[in-house]
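Reading through the structure tokens given below for one structure.
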Amino acid sequence: MFYEEVDKQECVWSIEDKKNIIIYLEKKRENWWPCVIKGDTEIDTKNIESKKNLTDFDEKTQGQIRKFLLEQRMKNEGIPTPEDLRKQNIINNVLSSKGEPFGR
1 MFYEEVDKQE
11 CVWSIEDKKN
21 IIIYLEKKRE
31 NWWPCVIKGD
41 TEIDTKNIES
51 KKNLTDFDEK
61 TQGQIRKFLL
71 EQRMKNEGIP
81 TPEDLRKQNI
91 INNVLSSKGE
101 PFGR
């Protein structure tokens, strides 16, 4: 019995050099297992370096991560993000529109 569930449709095995069995297990959840087989000796998963490089992601995801990091940095520095500016522009347009009850 594996430590957690695997995707049975994605798991495969093969024999290499007529003596080695290669097993590929696709986990259902992306997380670190302390062991492969329940009851086996466990490792401390807190000691695993689990950071991914930005280049490990596809280009679209890389762009989303970069955008998120930039916006977080802007917020931390008190700089309005493009979304903040867009919202402020909408508010300004409403407030300055003809017939607006809170007119300036």
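In full-length UniProt numbering, the protein residues as written are 1 to 104.
Cβ coordinates follow ideal geometry from the N, Cα and C atoms, glycine included.
Because the structure is a prediction, the values reported are computed rather than measured.
Residue i versus the options, residue with shortest Cα-Cα distance
{"i": "Asn31", "options": "Lys46, Ile15, Ile91 and Ser97", "result": "Lys46"}
{"i": "Leu54", "options": "Ile23, Glu10 and Arg66", "result": "Arg66"}
{"i": "Lys8", "options": "Lys19, Leu95, Ile23 and Asp17", "result": "Ile23"}
Which residues DSSP lists as bridging residue i, in chain order
{"i": "Val6", "result": "Lys27"}
{"i": "Trp33", "result": "In DSSP, Trp33 forms no bridge with anything."}
{"i": "Glu16", "result": "Asn20"}
Residue i Cβ short of 8 Å to the ligand PLP heavy atom set
{"i": "Glu42", "result": "Within the structure as shown, the ligand PLP is missing, as the structure has no ligands at all."}
Proximity below 9 Å, CB of residue i to CB of residue j
{"i": "Glu4", "j": "Arg29", "result": "yes"}
{"i": "Lys27", "j": "Val6", "result": "yes"}
{"i": "Leu25", "j": "Phe57", "result": "no"}
{"i": "Thr61", "j": "Glu71", "result": "no"}
Cut-off 6 Å between Cβ atoms - residues of its own chain near residue i, not counting five sequence neighbours on either side
{"i": "Glu42", "result": "Pro34 and Cys35"}
{"i": "Met74", "result": "Thr81"}
Beta-carbon proximity list for residue i, same chain, < 8 Å, skipping 5 on both sides
{"i": "Ser50", "result": "Trp32"}
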